[in-house]
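Protein sequence lines, in the order shown, are assigned to chains A and B.
Going by full-length UniProt numbering, the first sequence opens with residue 1, and the numbers climb by one from there.
Going by full-length UniProt numbering, the second sequence opens with residue 1, and the numbers climb by one from there.
Note that beta-carbon positions come from the ideal geometry of N, C-alpha and C, so glycine has one too.
In what follows, a single structure is set out as structure tokens and then discussed.
2 protein chains.
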Amino acid sequence: MTTIKDIAKVAGVSVTTVSRALNGYPDVSEKTRQKIIEIAKQLNYSPNTLARSLVMNKSKTIGLLVSGMNHSAIKDNFTFEVLTGINDYIAKTDYDLILFSTNSTKQREKTYSQLCRERRVDGVILQGIKTDDPYLTEVVESDIPCVLIDIPIQSDKVGYVTTDNVLGAKKAVQHLIELGHENIAMMNGHDYAFVSKQRLEGFRQAMEEANVAINDDWIVNGEFSEEVAEKKALELFSKHREITAIFCASDLMALGVVKALKQMGLSVPDDVSVVGYDDILLASYVSPSLTTIAQNRFQMGYEAASMLVEMLEGKEAKVVMLRTQLIVRESTKKNQLLKGRM
Amino acid sequence: MTTIKDIAKVAGVSVTTVSRALNGYPDVSEKTRQKIIEIAKQLNYSPNTLARSLVMNKSKTIGLLVSGMNHSAIKDNFTFEVLTGINDYIAKTDYDLILFSTNSTKQREKTYSQLCRERRVDGVILQGIKTDDPYLTEVVESDIPCVLIDIPIQSDKVGYVTTDNVLGAKKAVQHLIELGHENIAMMNGHDYAFVSKQRLEGFRQAMEEANVAINDDWIVNGEFSEEVAEKKALELFSKHREITAIFCASDLMALGVVKALKQMGLSVPDDVSVVGYDDILLASYVSPSLTTIAQNRFQMGYEAASMLVEMLEGKEAKVVMLRTQLIVRESTKKNQLLKGRM
DNA sequence: TTCTTCCTCCAAAACGTTTCGGATTCTTTC
DNA sequence: GAAAGAATCCGAAACGTTTTGGAGGAAGAA
Numbered sequence: 001m002t003t004i005k006d007i008a009k010v011a012g013v014s015v016t017t018v019s020r021a022l023n024g025y026p027d028v029s030e031k032t033r034q035k036i037i038e039i040a041k042q043l044n045y046s047p048n049t050l051a052r053s054l055v056m057n058k059s060k061t062i063g064l065l066v067s068g069m070n071h072s073a074i075k076d077n078f079t080f081e082v083l084t085g086i087n088d089y090i091a092k093t094d095y096d097l098i099l100f101s102t103n104s105t106k107q108r109e110k111t112y113s114q115l116c117r118e119r120r121v122d123g124v125i126l127q128g129i130k131t132d133d134p135y136l137t138e139v140v141e142s143d144i145p146c147v148l149i150d151i152p153i154q155s156d157k158v159g160y161v162t163t164d165n166v167l168g169a170k171k172a173v174q175h176l177i178e179l180g181h182e183n184i185a186m187m188n189g190h191d192y193a194f195v196s197k198q199r200l201e202g203f204r205q206a207m208e209e210a211n212v213a214i215n216d217d218w219i220v221n222g223e224f225s226e227e228v229a230e231k232k233a234l235e236l237f238s239k240h241r242e243i244t245a246i247f248c249a250s251d252l253m254a255l256g257v258v259k260a261l262k263q264m265g266l267s268v269p270d271d272v273s274v275v276g277y278d279d280i281l282l283a284s285y286v287s288p289s290l291t292t293i294a295q296n297r298f299q300m301g302y303e304a305a306s307m308l309v310e311m312l313e314g315k316e317a318k319v320v321m322l323r324t325q326l327i328v329r330e331s332t333k334k335n336q337l338l339k340g341r342m
Numbered sequence: 001m002t003t004i005k006d007i008a009k010v011a012g013v014s015v016t017t018v019s020r021a022l023n024g025y026p027d028v029s030e031k032t033r034q035k036i037i038e039i040a041k042q043l044n045y046s047p048n049t050l051a052r053s054l055v056m057n058k059s060k061t062i063g064l065l066v067s068g069m070n071h072s073a074i075k076d077n078f079t080f081e082v083l084t085g086i087n088d089y090i091a092k093t094d095y096d097l098i099l100f101s102t103n104s105t106k107q108r109e110k111t112y113s114q115l116c117r118e119r120r121v122d123g124v125i126l127q128g129i130k131t132d133d134p135y136l137t138e139v140v141e142s143d144i145p146c147v148l149i150d151i152p153i154q155s156d157k158v159g160y161v162t163t164d165n166v167l168g169a170k171k172a173v174q175h176l177i178e179l180g181h182e183n184i185a186m187m188n189g190h191d192y193a194f195v196s197k198q199r200l201e202g203f204r205q206a207m208e209e210a211n212v213a214i215n216d217d218w219i220v221n222g223e224f225s226e227e228v229a230e231k232k233a234l235e236l237f238s239k240h241r242e243i244t245a246i247f248c249a250s251d252l253m254a255l256g257v258v259k260a261l262k263q264m265g266l267s268v269p270d271d272v273s274v275v276g277y278d279d280i281l282l283a284s285y286v287s288p289s290l291t292t293i294a295q296n297r298f299q300m301g302y303e304a305a306s307m308l309v310e311m312l313e314g315k316e317a318k319v320v321m322l323r324t325q326l327i328v329r330e331s332t333k334k335n336q337l338l339k340g341r342m
């Protein structure tokens, strides 16, 4: 493997000159620069990033700490879409991505900052970690530039990108209310996700502003899982047949809810309206297709990468909040009971 | 950032001893080892991988060169599932993954081996590149350990993992033949994919062994794209209404074909049977659900990672061929014309 | 002519590790 | 008590870069 020394030797100059020639410094004559470049090509030279990073104290790599890259994430490929967005931006820069594979066991062994410092990443993007994750506190404490996805924590060195979950949920619930529903339930995720809290808040706001009573028994947690949501929905609807609409904090859970309702012989949307969140691919393919809140996950990744790179170039950490969009499909409908009453 | 020197200073020993203590060499007394470990903890030391890699001449990173991580890959998330498998295995080792973001422009700028040598990766996994990609020739020429996914090239340092595409396609077509179909078309991918060639070969074998005539006009390329396949299917079926079954080299194209048939007022499976390949998530959700050949993409990634790590530990490059499985759903049916004839 | 300035170039230090070859001390053996 | 051997430790080189501070010479200014 040819080094800068080899080039220096055959060019008859010092390694300093080679380095400076190759890096475009002005204090080397054009003649020798051309000679050096020529020789470098001939010797098939490529610089050793490790050595460079070591001395420059920056590695031109950004770490990607995702949790939720597992077998079960295929239906809801949030992670992948975000990753695609990140990759898309990074491809235009001279950074490379390093993927920290954090299964749960490894996570316990090495701390967040250990991971980052060992590999000397210049910055990190975090996605999919829960609010009780020990990494989270480390992130703010450590001084490594970092951008979070869907986690509203900000400091000097950490920014985040998210969507307006409160407004998104509000739009979903308002849609139900406009359809004449009054007995509205909510299938939330779990308490360890910021988005859950925010979507619950949006739910409350929409209900209160429309003067619709909130029944706390009708708010249950589906753990963002299709199966759990299905089970919980079975319980919920067998106890409370009066519910005519349900807002789910994810499409995946909405799928589970629809399954449960079908099992009980209830029709979606004739008996119960269901609205999801995410607009996953399946949402438009299942039957009935899902009314849902769309968020552009690709863009989230793209913005996150963009922000991080900007931060590495000296700009300040900031907050990016993306728009969501209500997409009305087949799973929601005018309240049938209401029609009867009128 | 604390270094080995800092530890040496407070422990009152040399850096050599610190290094050897931390790395478990036997020529340091248990007493000083404990002392050093204790101090390292207190100083919150984490080793600098860059420095280590530089001197040891291996980086404990493996490169991931995927093409096809783009916006349009979301339906058919082959790449993501493979990636998940790779990540799953890698998480159990002390390697990290570095994702080479190769959009087409960057690809032209830097050669394959340049990418690898700059980052000093120990090995590479390649996925999703076409047969005419310049990287491919470089791979075999370079002496970097490498495993390919779905590309049957082997040498001293390069192995591959794939599925038995010939057999898979054969099973699909045999299924159609068993259903009584004789006028069978094929929607292939494109000429720059190995799997296309192999699946075509499987198609031919099945037809020949069953003594069913092959009509070369009925074999068209859909570029692995839903839209292109739709267009091509429209052309094909408007010219040749006698076709009663079609084998598609991917589920995505099968979706396009089904769309085209619906547009033409033809029923799947009553008028035309369609079988796909891949068993993507959508296959079981669309209506009619797709009969298809399932391949375990997660396992492909897992096996690839496993093979590469083994190679890095001295074992030989090898070939892994995984099984496929015919999954019969709603898009295939007994040939109706045949029924009439009987 | 001499002094200053600019253009090229270079030696050496630094980054944080690992490892080779030896040096010291301690224990054992005769 | 001395020689031998084992157990511990260490100095220095090496990995491939970048960068600092200056050296040498040529050109311009006085």
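Rounded straight-line distance, which links the Cα of residue j to that of residue i
{"i": "A/Gln42", "j": "B/Val139", "result": "20 angstroms"}
{"i": "A/Arg341", "j": "A/His190", "result": "With a pLDDT of only 49 at A/Arg341, under 50, the local geometry of the prediction cannot be trusted, and no value is derived from it."}
{"i": "A/Ile184", "j": "A/Ile293", "result": "17 angstroms"}
{"i": "B/Glu330", "j": "A/Lys75", "result": "21 angstroms"}
{"i": "B/Tyr25", "j": "B/Val18", "result": "10 angstroms"}
{"i": "A/Val55", "j": "B/Leu50", "result": "10 angstroms"}
{"i": "B/Val319", "j": "A/Asn221", "result": "46 angstroms"}
{"i": "B/Ser273", "j": "B/Asn77", "result": "25 angstroms"}
{"i": "A/Arg297", "j": "A/Tyr192", "result": "20 angstroms"}
{"i": "A/Cys116", "j": "B/Gly256", "result": "45 angstroms"}
{"i": "A/Gln154", "j": "B/Lys130", "result": "43 angstroms"}
{"i": "B/Leu83", "j": "A/Ser287", "result": "30 angstroms"}
{"i": "A/Ser142", "j": "A/Ile98", "result": "19 angstroms"}
Residue of the options minimising C-alpha distance to residue i
{"i": "B/Gln295", "options": "B/Val286, B/Ser289, B/Met307, B/Leu281", "result": "B/Leu281"}
{"i": "B/Ala249", "options": "B/Gly159, B/Asn165, B/Met307, B/Thr93", "result": "B/Asn165"}
{"i": "A/Leu64", "options": "A/Lys35, A/Ser53, A/Gln174, A/Val121", "result": "A/Val121"}
{"i": "A/Asp96", "options": "A/Arg119, A/Lys110, A/Ser67, A/Met264", "result": "A/Arg119"}
{"i": "B/Lys110", "options": "A/Val147, A/Met253, A/Asp94", "result": "A/Asp94"}
{"i": "B/Leu312", "options": "B/Val147, B/Gln198, B/Met264", "result": "B/Val147"}
{"i": "A/Arg241", "options": "A/Val328, A/Leu337, A/Leu176", "result": "A/Leu337"}
{"i": "B/Glu223", "options": "B/Ser196, B/Leu200, B/Val212", "result": "B/Ser196"}
{"i": "A/Met264", "options": "A/Glu230, A/Leu176, A/Leu252", "result": "A/Glu230"}
{"i": "A/Leu322", "options": "A/Met187, A/Gly168, A/Leu179", "result": "A/Gly168"}
{"i": "B/Glu209", "options": "B/Val161, B/Glu178, B/Trp218, B/Gly85", "result": "B/Glu178"}
{"i": "B/Gly123", "options": "B/Thr332, B/Leu308, B/Lys333", "result": "B/Leu308"}
{"i": "A/Thr79", "options": "A/Lys333, A/Asp270, A/Gln299", "result": "A/Gln299"}
Residue span of the beta strand (DSSP E) that contains residue i, given as start and end
{"i": "residue 348 of chain A", "result": "No answer is possible for residue 348 of chain A: the residues shown for chain A start at 1 and end at 342."}
{"i": "B/Asn44", "result": "From DSSP, B/Asn44 is part of no beta strand (DSSP E); its letter is neither H nor E."}
{"i": "A/Ile327", "result": "324-327"}
{"i": "B/Gly123", "result": "123-127"}
{"i": "B/Asn188", "result": "184-188"}
N-terminal and C-terminal residue of the alpha helix (DSSP H) that residue i is part of
{"i": "A/Leu50", "result": "49-56"}
{"i": "B/Ala260", "result": "251-263"}
{"i": "B/Phe247", "result": "Per DSSP, B/Phe247 belongs to no alpha helix (DSSP H); it is in the beta strand (DSSP E), 245-248."}
{"i": "A/Ile7", "result": "4-11"}
{"i": "A/Asn87", "result": "78-90"}
Listed by chain order, chain B residues near residue i by CB distance under 7 angstroms
{"i": "A/Tyr285", "result": "Leu282, Tyr285, Val286"}
{"i": "A/Leu43", "result": "Those within 7 angstroms of A/Leu43 in chain B number zero; the least Cβ separation is about 12 angstroms."}
{"i": "A/Asn165", "result": "In chain order: nothing, as chain B lies at least about 22 angstroms away."}
{"i": "A/Leu54", "result": "Leu50, Ala51, Leu54"}
{"i": "A/Gln114", "result": "Ser46"}
Interface partners of residue i on chain A, CB under 8 angstroms
{"i": "B/Glu118", "result": "Ser46, Pro47, Asn48, Thr49"}
{"i": "B/Asn335", "result": "Simply none; closest approach about 28 angstroms."}
{"i": "B/Leu298", "result": "First, the residue type needs correcting, since residue 298 of chain B is Phe and not Leu in the sequence shown. The contacting residues are His71."}
{"i": "B/Asp96", "result": "Ile98, Leu99, Phe100, Ser101, Arg119"}
{"i": "B/Ser59", "result": "Leu50"}
Neighbour list for residue i in chain B, Cβ cutoff strictly below 8 angstroms
{"i": "A/Thr84", "result": "Met69, Asn70, His71, Ala73, Ile74"}
{"i": "A/Met307", "result": "By Cβ distance, chain B contributes nothing, its closest Cβ being about 17 angstroms from A/Met307, past 8 angstroms."}
{"i": "A/Met1", "result": "Arg117"}
Partners in chain A for residue i, counting only beta-carbon separations shorter than 7 angstroms
{"i": "B/Glu81", "result": "Ile74"}
DSSP beta-bridge partners of residue i
{"i": "A/Thr291", "result": "A/Val275"}
{"i": "B/Met321", "result": "B/Thr162"}
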